[in-house]
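Each residue of the sequence shown is one higher than the one before, starting from 1 at the first, in UniProt numbering.
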Amino acid sequence: MQDNTYTQKRIIAAHNRLFNMIKYINIFIRLLLLIVVFPIILYLSAIRYVNENIDIWESKAEDIISSIQKFLDKYFPVRSK
């Protein structure tokens, strides 16, 4: 009978170690996701923000170029032959 309780205690201890290992693997996977996925999300959002800024500056540059072209056409017209 005493041998049976010893075996049960060993089985319970093995289960506890297994559940602790699963818990630590779960924590490790969550940390890995935080370390890998979170910077990728930040990087992609930063790229999107930079692309939006580039679009804004590109439209401003187009406006400036078109106003310069209008000024040149008005005051310095190109003479056709």
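Just so you know, even glycine gets a beta-carbon here, dropped at the ideal spot from N, CA and C.
If you're wondering where the values come from, they're calculated on a predicted model, not measured in any experiment.
Residue i to residue j span [Cα, whole Å]
i: Arg10; j: Leu34; result: 36 Å
i: Val50; j: Ile64; result: 21 Å
i: Ile47; j: Phe28; result: 28 Å
i: Arg30; j: Ser59; result: 42 Å
i: Tyr6; j: Ile12; result: 10 Å
i: Asn26; j: Asn53; result: 39 Å
i: Ile40; j: Tyr24; result: 24 Å
i: Ser67; j: Pro77; result: 14 Å
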